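Asks: Sharing a structure with you now.
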Amino acid sequence: MAVYKSDLKDIYFNLFDFCDVSKTAAEFGYGEDELRDIVNQFDKFVGNEIYPTRIPGDEIGVKLVDGHVKVPECFHALNKNFYENGWYALGYPEDIGGMPAPHAVKVACYSLAIGANVGWSMYYGLTQGAMNVIHKVGNQEQKDLYIPRMMEGAWGGTMCLTEPGAGSDVGASKSTAKPTDDGKYEINGVKIFISSGESDLYENNIHLVLARTPGSPEGTKGLSLFIVPRFRIKEDGSTGDYNGVKCTKIEEKMGIHGSATCELTFGQDEKCYGEMIGKEHQGIMNMFIMMNEARLLCGLQGESQANLAFMLTEQYARERGQFGTEIINLPDVKRTLIKMRSTSRGLRALALYTANLFDAADKGDKVAEAEIAFFTPICKAFMSDEGFNVSVDAVQVHGGYGYCTEYGIEQFIRDTKIASIYEGTNGIQAIDFVMRKILKDKAQTFFKVGEKMKAIMNTEEAKSWPHEISMIGKSMEMSEEVVKKFGEMMANKNDAAVLAHATDFMNYCGNLVVAWLLLEHACIAKKKIDSAEGDLKKYYQSKMDDFKVFCQYQLTRNIGLGNSVLNFDEDLTKMSV
Numbered sequence: 000m001a002v003y004k005s006d007l008k009d010i011y012f013n014l015f016d017f018c019d020v021s022k023t024a025a026e027f028g029y030g031e032d033e034l035r036d037i038v039n040q041f042d043k044f045v046g047n048e049i050y051p052t053r054i055p056g057d058e059i060g061v062k063l064v065d066g067h068v069k070v071p072e073c074f075h076a077l078n079k080n081f082y083e084n085g086w087y088a089l090g091y092p093e094d095i096g097g098m099p100a101p102h103a104v105k106v107a108c109y110s111l112a113i114g115a116n117v118g119w120s121m122y123y124g125l126t127q128g129a130m131n132v133i134h135k136v137g138n139q140e141q142k143d144l145y146i147p148r149m150m151e152g153a154w155g156g157t158m159c160l161t162e163p164g165a166g167s168d169v170g171a172s173k174s175t176a177k178p179t180d181d182g183k184y185e186i187n188g189v190k191i192f193i194s195s196g197e198s199d200l201y202e203n204n205i206h207l208v209l210a211r212t213p214g215s216p217e218g219t220k221g222l223s224l225f226i227v228p229r230f231r232i233k234e235d236g237s238t239g240d241y242n243g244v245k246c247t248k249i250e251e252k253m254g255i256h257g258s259a260t261c262e263l264t265f266g267q268d269e270k271c272y273g274e275m276i277g278k279e280h281q282g283i284m285n286m287f288i289m290m291n292e293a294r295l296l297c298g299l300q301g302e303s304q305a306n307l308a309f310m311l312t313e314q315y316a317r318e319r320g321q322f323g324t325e326i327i328n329l330p331d332v333k334r335t336l337i338k339m340r341s342t343s344r345g346l347r348a349l350a351l352y353t354a355n356l357f358d359a360a361d362k363g364d365k366v367a368e369a370e371i372a373f374f375t376p377i378c379k380a381f382m383s384d385e386g387f388n389v390s391v392d393a394v395q396v397h398g399g400y401g402y403c404t405e406y407g408i409e410q411f412i413r414d415t416k417i418a419s420i421y422e423g424t425n426g427i428q429a430i431d432f433v434m435r436k437i438l439k440d441k442a443q444t445f446f447k448v449g450e451k452m453k454a455i456m457n458t459e460e461a462k463s464w465p466h467e468i469s470m471i472g473k474s475m476e477m478s479e480e481v482v483k484k485f486g487e488m489m490a491n492k493n494d495a496a497v498l499a500h501a502t503d504f505m506n507y508c509g510n511l512v513v514a515w516l517l518l519e520h521a522c523i524a525k526k527k528i529d530s531a532e533g534d535l536k537k538y539y540q541s542k543m544d545d546f547k548v549f550c551q552y553q554l555t556r557n558i559g560l561g562n563s564v565l566n567f568d569e570d571l572t573k574m575s576v
């Protein structure tokens, strides 16, 4: 197994030189040194505690034993230490036992953890998602009961949407919730593909379940959200008897073997009780709090694994000798490595730029809120797709050793692929991006982001790259033509044509946005390089190289994507498969 290695220099550049999180950190009483120390200490925890469980967790996987899910044994000490060291609490307010920090710092840390073992990271990640819903829409009694036990690591959490007949079409859900005399609800139904649906890491699992109360309308408008613990909770808050939530199957998957993907039955062999959270028929709206966070985490799964895959591949290429030299010196291998680096760093830039918007949005900044909504589908889809592609390149550079399990590189491909499928397939993200985030928004945020791009393109530093700036400018012009054409299609009731091109256009915008962010980075590096020395000077040069390489190998794809959307007029719906 390769030695763990992270790119802290690039993480610090994103946080302090680009995102300037020090301004937000001052509100929490942190200086830059304290924030660097948080990231540094977390990185050590990842290298010493999380990364060593990556391959064993994949090889051992989860087991269903006597009706109970058992995770790999190595996860237990890791999970215990993660909570006891306070890492779960990172970024949460002090009033619930958290350690406040800028959102971008939390995401930078969690990216390191996810990349090192995505299967394990899903247990605490989904727990946080469920807890966040309770924190935002639960009543005080629910907050007081569930949040402390979830913060301390005694109780885990999940979200339960998908059913055998209701996959992406959540509105087809058939699970029911029948009110009881004591204000609770009797839950009945089957949910499938529930990530981290059960485990022996926690003494209780708190499920957020979408279900339909009697007489509710069809579709998503009739769904309500319920808190359903695996074990009933006694009056003193301790764990009680079995609550009729049973794992009847765990899926055998291509990857993320350490994460239990469960079929859960509610009320099949024992009555199952839950309590409503939020208002009746607002379940899908409240669940979207968790779903949007999960979509960003999916993107982070692509970004994080791309960055770690690159670091391990660079390490291998420096050591592996062929043709009388290390393979890193072979032109095709070097091209692949630099392309991997520029893409993975670009994904990190997108992840941390988006994460940095959350602190402003929490203060009521409407522009930041709009940008988060705009970038979320790009983060989920583009980062997961490109993270997978970087993982493929990692295997290619390793050659036969990459295809074998010895180095743990092929695991990146298997673990990354799911991120483009769950939490709304990338095709659905594309539809959301085009139909809602652009057309329904009348392209307001689309054009405001374009204004930010134009601002950096007009700076003195940007003049160092006239060819690349011209490429970005032409790509922006073509994107405006596409949006105009989409508007005309919708006016002519040709929705199907828009939907058919949605994925291509979202990938187009992903290339454009990352090129812009890498330009921002290159301009900062340009300002700093003359006064830098040694490794720092080499790093700043690499940032400028990243921008040029990304434009050459990724942004150029927009020529084909744009022409396909603008010039392919065939009605795909009338073609036979």
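Take 0 as the starting number for the sequence shown in numbering that gives the first Met the number 0 and just add one per residue.
Beta carbons: idealized from backbone N, C-alpha and C, even for Gly.
Owing to the predicted nature of the structure, the values given are computational and were not obtained by experimental measurement.
(1) Go ahead and label residue 525 buried or exposed: buried means 16 or more other beta carbons lie within 10 angstroms of its beta carbon, across all protein chains shown.
(2) For the beta strand (DSSP E) containing residue 472, list its first residue and its last residue.
(3) Is it buried or exposed for residue 510, if we count other Cβ within 10 angstroms and need 16 for buried?
(4) Roughly how many whole angstroms lie between the Cα atoms of residue 535 and residue 261?
(5) Would you report the Cα separation of residue 413 and residue 256, rounded to the nearest angstrom?
(6) Any idea if residue 53 is buried or exposed, counting beta-carbon neighbours within 10 angstroms, 16 or more meaning buried?
(7) Tell me where the beta strand (DSSP E) around residue 63 begins and ends.
(8) Checking 8 angstroms against the spacing of the C-beta atoms, do residue 305 and residue 343 come in under that value?
(9) Taking CB distances under 8 angstroms as the criterion, tell me whether residue 317 reaches chain B.
(10) What residues in its chain sit with their C-beta under 7 angstroms from that of residue 437, if we drop five residues either side in the sequence?
(11) Can residue 166 and residue 116 be called in contact, C-beta distance under 8 angstroms?
(12) What's the C-alpha gap between residue 384 and residue 441?
(13) If we ignore side chains and look at the alpha-carbon of each, how far apart do residue 353 and residue 323 end up?
(14) Sorry if obvious, but does the Cβ on residue 123 come closer than 7 angstroms to a heavy atom of the ligand SAH?
(15) Where do the ends of the beta strand (DSSP E) carrying residue 342 lie?
(16) Determine contact between the segment 242-256 and the segment 309-316, defined as no fewer than three beta-carbon pairs at a distance below 8 angstroms.
(17) Under 7 angstroms Cβ to Cβ from residue 20, same chain only, skipping five residues before and after it: list those, please.
(18) Let me know the secondary structure DSSP gives residue 238 once reduced to three states.
(19) By Cβ distance, which residues of its chain are closer than 7 angstroms to residue 191, with the 5 residues on each side in sequence left out?
(20) Would you grab the beta carbon distance between residue 151 and residue 50 for me? Rounded to a whole angstrom, and I think it's under 8 angstroms.
(21) Residue 206 lies in the alpha helix (DSSP H); which residues open and close that run?
(22) Please name the residue in 176, 333, 271 and 200 whose C-alpha comes closest to that of residue 282.
(23) Closer than 6 angstroms by C-beta to residue 174: which residues in its own chain qualify, once you throw out the five before and the five after it? Chain order, please.
(24) I'd like the list of long-range same chain contacts for residue 419, defined as Cβ closer than 6 angstroms, with 5 residues on each side in sequence excluded.
(25) On a Cα-Cα basis, can you pick out the residue from 65, 491, 230 and 562 that is closest to residue 270?
(26) Around the Cβ of residue 519, are there at least 16 other Cβ atoms within 10 angstroms (buried) or fewer (exposed)?
(27) Return the first residue and the last residue of the beta strand (DSSP E) that residue 156 is part of.
(28) Per DSSP, residue 264 forms a beta bridge with which residues?
(29) Cβ atoms of residue 183 and residue 273: under 8 angstroms apart, would you say?
(30) For the alpha helix (DSSP H) holding residue 99, just list the boundary residues, first then last.
(31) Identify the continuous beta strand (DSSP E) that holds residue 226 and give its terminal residues.
(32) Buried or exposed for residue 497, please, with buried defined as at least 16 other CB atoms from any protein chain shown within 10 angstroms of its CB.
(33) Assign residue 124 to buried or exposed, taking buried as 16 or more other Cβ atoms, counted over all protein chains shown, within 10 Å of its Cβ.
(34) For the structure I just gave you, are there three or more beta carbon pairs, one from the segment 28-47 and one from the segment 4-14, closer than 8 angstroms?
Replies: According to the structure shown:
(1) Mapped onto the sequence shown, residue 525 falls at position 526. Classification of residue 525: buried, given that the 10 Å Cβ count is 16 or more.
(2) Along the sequence shown, one-based indexing puts residue 472 at 473. Counting along the chain, residue 472 falls outside any beta strand (DSSP E), though it belongs to the alpha helix (DSSP H) covering 465-490.
(3) The sequence position of residue 510 within the sequence shown is 511, counting from 1. The residue in question, residue 510, is buried, as its Cβ has 16 or more Cβ neighbours within 10 Å.
(4) For the purposes of this step, residue 535 is taken as residue 536 along the sequence shown, with counting starting at 1. For the purposes of this step, residue 261 is taken as residue 262 along the sequence shown, with counting starting at 1. Their backbone Cα atoms lie some 47 angstroms apart in a straight line.
(5) Within the sequence shown, residue 413 is the residue found at index 414, counting from 1. Within the sequence shown, residue 256 is the residue found at index 257, counting from 1. Rounded to the nearest angstrom, the two C-alpha atoms are 9 angstroms apart.
(6) Walking along the sequence shown from the start, residue 53 turns up at place 54. Looking at its Cβ environment, which holds 16 or more other Cβ atoms inside 10 Å, residue 53 is buried.
(7) Here residue 63 refers to the residue found at position 64 of the sequence shown. Segment 62-64, the beta strand (DSSP E) holding residue 63.
(8) If you number the sequence shown from 1, residue 305 lands on position 306. If you number the sequence shown from 1, residue 343 lands on position 344. Yes, they are a contact pair.
(9) This model lacks chain B altogether, as it is built from one protein chain only.
(10) Taking the sequence shown and counting its residues from 1, the one referred to as residue 437 is at position 438. The answer, listed in chain order, is 445 and 482.
(11) Walking along the sequence shown from the start, residue 166 turns up at place 167. Walking along the sequence shown from the start, residue 116 turns up at place 117. Going by C-beta atoms, residue 166 is not nearer than 8 angstroms to residue 116.
(12) Taking the first residue of the sequence shown as 1, we reach residue 384 at position 385. Taking the first residue of the sequence shown as 1, we reach residue 441 at position 442. Looking at the two C-alpha atoms, the distance is approximately 27 angstroms.
(13) Indexing the sequence shown from 1 puts residue 353 at position 354. Indexing the sequence shown from 1 puts residue 323 at position 324. Going from the Cα of residue 353 to the Cα of residue 323 covers about 45 angstroms.
(14) Absent from the structure shown: the ligand SAH. Ligands present: none.
(15) For the purposes of this step, residue 342 is identified with residue 343 of the sequence shown, where counting begins at 1. Segment 330-361 is the alpha helix (DSSP H) holding residue 342; no beta strand (DSSP E) there.
(16) no
(17) Here residue 20 refers to the residue found at position 21 when the sequence shown is read from its first residue. Around residue 20: 14, 34, 101, 103, 104 and 355.
(18) Counting from one through the sequence shown, the residue named residue 238 turns up at place 239. In the structure shown, residue 238 sits in a strand (DSSP, three-state: E or B).
(19) As a first step, residue 191 must be located in the sequence shown, where it is residue number 192. Counting only Cβ-Cβ distances below 7 angstroms, and skipping sequence neighbours, we find 161, 162, 163 and 262.
(20) Taking the first residue of the sequence shown as 1, we reach residue 151 at position 152. Taking the first residue of the sequence shown as 1, we reach residue 50 at position 51. Actually they do not touch by this definition, with Cβ atoms about 25 angstroms apart.
(21) By 1-based counting over the sequence shown, the position of residue 206 is 207. Run containing residue 206: none in the alpha helix (DSSP H); it sits in the beta strand (DSSP E), 203-211.
(22) Taking the sequence shown and counting its residues from 1, the one referred to as residue 282 is at position 283. Out of 176, 333, 271 and 200, 176 has the C-alpha closest to the C-alpha of residue 282.
(23) Indexing the sequence shown from 1 puts residue 174 at position 175. Closer than 6 angstroms at the Cβ level, and outside the excluded window around residue 174, lie 188 and 210.
(24) For the purposes of this step, residue 419 is taken as residue 420 along the sequence shown, with counting starting at 1. Contacts found: 383, 384 and 425.
(25) In the sequence shown, counting from the first residue as 1, residue 270 sits at position 271. Considering only alpha carbons, the answer is 230.
(26) On the sequence shown, position 520 is the one that residue 519 refers to. Buried.
(27) As a first step, residue 156 is located in the sequence shown; it is residue number 157 there, counting from the start. 154-159 is the span of the beta strand (DSSP E), which, as asked, contains residue 156.
(28) Your numbering for residue 264 matches position 265 in the sequence shown. DSSP lists 189 and 245 as partners of residue 264.
(29) Here residue 273 refers to the residue found at position 274 of the sequence shown. Here residue 183 refers to the residue found at position 184 of the sequence shown. In contact: residue 273 and residue 183 (Cβ atoms closer than 8 angstroms).
(30) For this step, residue 99 is matched to residue 100 along the sequence shown. Looking at the DSSP string, residue 99 is not in any alpha helix (DSSP H), and its letter there is neither H nor E.
(31) In the sequence shown, counting from the first residue as 1, residue 226 sits at position 227. Here the beta strand (DSSP E) through residue 226 covers 222-228.
(32) In the sequence shown, counting from the first residue as 1, residue 497 sits at position 498. So residue 497 ends up on the buried side.
(33) Numbered from 1 along the sequence shown, position 125 holds the residue referred to as residue 124. Buried, because 16 or more other Cβ atoms sit within 10 Å of the Cβ of residue 124.
(34) yes
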